[in-house]
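Heads up: the structure comes next, in structure tokens.
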Amino acid sequence: MAEMILINAEDFETRVALVENGEVSEVFIERDKERSIVGNIYKGKVLRVLPGMQAAFVDIGQERSAFLYVAEVSQSIAGFFQDEMDVEGM
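Take 20 as the starting number for the sequence shown in the numbering used here and just add one per residue.
The structure is reproduced here in structure tokens:
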């Protein structure tokens, strides 16, 4: 069975559901007052590396620093920065 995306957009809220094999597999809800920044692409500066957690706090110009887990960095992007960072150190 095909995948289907259902979207319900109202004045102050948008709801999106992913349906796979006739069952809802994921639901996303975004309210105008609670805009999410998850999934956006930012240019930032690493503030602190946490080797034990294989993660870093990154300044992306928001009120709070972003938390970046090394497994979330695409291998194709990591290769681009290989000369600038020590991946082994993380």
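Note that CB positions come from ideal geometry on N, CA and C, so glycine has one too.
Quick check: the Cα distance between residue i and residue j, rounded to an integer number of angstroms?
i, j, result
"A75", "V92", "11 Å"
"I60", "A85", "12 Å"
"E107", "D78", "With a pLDDT of only 49 at E107, under the threshold of 50, the placement of this residue in the model should not be trusted; the figure read from the coordinates follows. Rounded to the nearest angstrom, the two C-alpha atoms are 22 Å apart."
"A28", "Q81", "27 Å"
"I48", "F31", "11 Å"
"V43", "V35", "10 Å"
"V46", "L37", "6 Å"
"T33", "I56", "15 Å"
Going by the DSSP bridge assignment, what does residue i pair with across the sheet?
i, result
"M23", "V38"
"I48", "R34"
Nearest to residue i by alpha carbon, out of the options?
i, options, result
"G71", "G80, V89, E82 and K64", "V89"
"G41", "K62, R67, M23 and V57", "M23"
"L66", "R83, I26 and A21", "R83"
How would you call residue i, buried or exposed, if buried means at least 16 neighbouring beta carbons within 10 angstroms?
i, result
"L87", "buried"
Quick one: does the C-beta of residue i sit closer than 7 Å to a heavy atom of the ligand GDP?
i, result
"G63", "Only the bare structure without any ligand can be found here, which leaves the ligand GDP out of the picture."
Helix, strand or coil for residue i per DSSP?
i, result
"V68", "strand"
"V106", "Any reading at V106 must be qualified, since the residue scores a pLDDT of 48, below 50, and its modelled position is unreliable; the value itself is stated next. Of the three classes helix, strand and coil, the one that applies to V106 here is helix, per DSSP."
"V57", "coil"
"V92", "coil"
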